[in-house]
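Below is one structure, written out as structure tokens; the observations come after it.
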Amino acid sequence: MIIAFAAALWLGLWAFAPPGERSMIKESYPDIQIVESLRAAFLNFSQGVTPDSKALVAGLAIGERDLLSDEMTQQMKTLSLTHLVAVSGANLAIVMGAVFLLAGLFGVRRNLRFLIAIAAMVGYVLIVGPESSVLRAATMAMFVMTGIWIGRGTNPMVSLSWAIIFLLTIDPGLAVDYGFGLSALATAGLVWLAVPIYKYLSKHVPKWLALGIAASFSAQLFTMPILIMLQPSIPIYSVLANLLVEPVVAPVTILGIIAVVSAMSFPPLTWGLSLLASIGTWWITLVADTVSGFPLARMHFVSGPIAVVLLTLIALLTGLVITRSDSRKLFGSLLSVVLAVSAGWSLTDLARANTFAGNWSVLQCDVGQGDALLIKSKGAVALIDVGKDPSLIAKCLNTQRVTRIDLLVLTHYDADHVAGITGLRGIQIGQALLSGFRDDRPLVATVAKVLESAENVSIGHRGLTGVLGDFNFTILAPSFDASEASDSNDASVVISFRSETLGVLALGDLGEAGQSRLMRQMAGELALLRDQSLIVKVAHHGSSDQSRELYEFLEPEVMLYSVGKNDYGHPTDRALRIASSIGALILRTDKQGSIALRNQDSELSYHQSGKLTT
């Protein structure tokens with residue numbers, strides 16, 4: 009009964025959550041000076057055999073995610089290993105278990121050991137901060153410990169249910185928090201399925217292997233309905249990757265936590281222990297780098313609400329098949345039907361995604377909240393920006409069989425425009441054009457490393473021209489050093505393409521002031537674009553920072569909004585109204601997926617992949 013009530017409460021709060029609902033605890037959590045000082049000292053004195061292995065020690069010990077490189081973060085996402093840097097019940101179990109056992113060695117009485125273990129848990133939670141997974145794990149641990157303490161034992165699923173009810177009662181915003189959902193569902197999967205799966209597998213394989221497979225599979229199965237909303241595909245090697253890294257997780261976590269605690273009192277110990285722990289995390293980075301490169305690392309699956317429904321049914325029916333021997337035939341039949349529907353839908357969807365484009369001239373890749381625009385003529389290809397996710401731009405290029413990019417334009421160094429650059433590895437790059445704006449963000453170095461293989465790298469500055477098949481292209485902004493720009497967005501490289509029948513204008517993230525400046529400085533070049541069917545890639549994903557005068561002057565036939573799920577309100581009503589007022593066709597990647605356009609017999613037409621594609 010309590011389990012059903014917890015599920016109903018969660019679903020109800022999720023279904024009726026107001027737009028923009030957030031966790032009150034996470035939003036209002038205060039900075040505690042001693043905790044901040046301890047974290048800072050640990051991060052300052054910690055060492056690692058490589059930068060990513062050092063970052064992972066901090067991730068496993070205190071949930072620090074920001075230090076990992078973009079490439080390693082993406083590799084871990086590919087394999088569903090990101091839970092390693094989300095402090096959860098496993099971390100709390102390690103901390104509380106170690107403290108409980110250590111206190112026992114010193115002869116501390118049982119009741120006092122419980123209190124000491126709980127105090128250690130509270131201290132660890134304060135160090136980690138208000139992570140959703142930590143809140144869930146700590147609250148559940150309190151219910152479990154209370155049951156054991158008073159001698160009534162405990163039912164883990166009931167304890168989880170009470171934890172969910174308690175947390176959602178005091179903080180309803182957690183109902184829509186992805187981290188909370190993943191933590192709760194992973195725990196539910198472990199509690200319900202791990203033991204029966206282990207008992208079955210242990211008859212056929214070594215017990216250590218059975219335990220690893222059971223834990224990884226059950227947690228992965230139950231978290232997929234949420235994971236599919238974050239990354240619409242299925243990780244093929246997740247269980248394998250988790251099995252390979254699991255032996256080092258506990259030792260690294262213990263060493264890391266001791267290194268954290270000693271950071272302010274004895275920094276040399278922090279230095280040595282973090283370095284030792286990083287040997288273990290180096291193994292994790294090696295596994296992530298190697299296994300994520302295996303063929304078909306992620307399998308296509310439908311996305312959107314239908315994916316959530318299908319994966320929820322698969323998880324529940326699989327659980328019932330495993331745990332209900334009396335009805336196994338019925339549930340097995342239902343599971344077979346759901347799997348068949350999922351496979352058929354996904355294969356049909358995948359075929360459409362790979363064939364929708366036809367003979368295109370302009371293709372707006374769906375890379376989520378980011379930019380990636382392809383131009384093609386007579387076999388020559390230009391790419392303007394690469395989005396944030398390397399896997400998405402790599403998929404777009406692979407689907408369109410692009411093996412060489414003759415012209416690569418990176419408009420500016422915002423992550424949603426250039427962080428996907430590693431997805432171009434293996435692609436030949438001819439000329440690369442970059443903004444001349446002085447920028448010292450880490451992505452500058454990442455881009456430079458990838459572009460080492462390019463045939464030519466130069467500054468894209470106003471007045472620079474060239475040829476791409478039947479297109480003549482011109483850089484309209486900024487100047488060579490972008491000295492006129494107030495920030496990175498304002499220094500976006502703006503490029504136009506013109507053929508006899510088609511014009512394309514890509515505005516990067518140029519704001520209203522920059523667009524007005526563009527009108528003043530390049531009015532003649534802009535006027536030439538009006539002589540053809542004109543496609544405009546709308547600036548800054550359709551933010552409100554737009555110059556109505558520019559779009560009214562250009563009178564484009566099509567306005568492309570390259571946009572994904574975001575918290576900025578893109579595309580804004582103002583940006584959409586501008587398009588409507590001039591009669592432009594509005595095409596949006598967040599609604600239509602990748603969009604391919606061509607101009608044939610003076611008629612501009614388009615095809616879309618649809619949003620049921622990855």
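This note's numbering puts the first residue of the sequence shown at 9, with every later residue one more than the last.
Ideal Cβ placement from N, Cα and C applies to all residues, glycine included.
Just so you know, the alpha carbons of Ala-547 and Gly-378 end up roughly 11 Å apart.
For the alpha helix (DSSP H) assignment, the uninterrupted runs of no fewer than 4 residues enclosed by the stretch 557-621 are, from N- to C-terminal side, 581-589 and 597-600.
Annotation: the continuous alpha helix (DSSP H) that includes Asp-60 extends over 59-70. According to DSSP, Pro-243 shares a beta bridge with Arg-306. Remark: C-beta atoms of Phe-174 and Arg-144 do not approach each other more closely than 7 Å. If you look at Thr-90, you'll find it isn't in any beta strand (DSSP E); DSSP assigns it neither H nor E. Setting aside the 5 residues that flank it on each side, Ser-507 is surrounded in the same chain by Asp-478 and Phe-479, each with a C-beta closer than 6 Å to its C-beta; the list follows chain order. Looking from the CA of Leu-17, the closest CA among His-469, Gly-181 and Pro-164 belongs to Gly-181. The DSSP-derived three-state label of Asn-480 is strand. When rounded, the separation of the alpha-carbon atoms in Ala-267 and Trp-290 is 17 Å.
In the structure shown, Thr-473 falls within a strand segment according to DSSP collapsed to helix, strand and coil. Exposed is the label assigned to Asp-609, since fewer than 16 other Cβ atoms lie within 10 Å of its Cβ. Assignment of Ala-271 by DSSP, reduced to helix, strand and coil, places it in the coil class.
For the stretch 171-239, the full-length alpha helix (DSSP H) segments reaching 4 residues or more read 186-197, 203-209 and 215-238 along the chain.
For Ser-45, the enclosing alpha helix (DSSP H) has its first and last residue at 41-53. By the criterion of at least three beta-carbon pairs nearer than 8 Å, the stretch 278-293 is in contact with the stretch 47-54.
Within the stretch 371-422, the complete alpha helix (DSSP H) runs of at least 4 residues fall at 398-407. Residue state for Arg-506 is assigned as strand, using DSSP reduced to three classes. When DSSP states are grouped into helix, strand and coil, Ile-287 belongs to the helix group. In this structure Val-95 touches Val-136 by the C-beta definition: roughly 5 Å separates them, less than 8 Å. Boundaries of the alpha helix (DSSP H) harbouring Val-452: 450-458, taken from the DSSP string. It is roughly 24 Å from the alpha-carbon of Asp-414 to the alpha-carbon of Leu-612. Looking at the backbone, the Cα of Ser-210 and that of Pro-450 are separated by about 47 Å. Residue environment for Ala-249: buried (at least 16 other C-beta atoms within 10 angstroms of its C-beta). Note on Arg-47: 16 or more other CB atoms within 10 angstroms of its CB, so buried under the neighbour-count rule. In chain order, Ile-124, Ala-125 and Ala-128 place their CB closer than 7 Å to the CB of Val-107, counting only its own chain and leaving out the 5 sequence neighbours on each side. Contact annotation: Pro-233 and Val-316 have beta-carbon atoms nearer than 7 Å.
Between the alpha carbons of Arg-585 and Ile-292 lies a distance of about 49 Å.
When DSSP reads this structure, Asn-464 sits in a beta bridge with Gln-439.
Note on geometry: alpha-carbon atoms of Thr-580 and Leu-391 lie some 25 Å from one another. For Ile-10, the enclosing alpha helix (DSSP H) begins and ends at 10-23. If you draw a straight line from the Cα of Thr-162 to the Cα of Phe-122, it is about 15 Å long. Scanning its chain for C-beta atoms nearer than 7 Å, with the 5 sequence neighbours on each side dropped, one finds around Ala-218 the residues Tyr-206, Leu-209 and Ser-210, in chain order. Around the beta carbon of Thr-298, fewer than 16 other beta carbons sit within 10 angstroms, so the residue counts as exposed. DSSP places Ser-541 in the uninterrupted beta strand (DSSP E) bounded by 541-545. Exclusion of the five residues before and after Lys-85 leaves Gln-239 as the residues of its chain whose Cβ lies within less than 7 Å of its Cβ.
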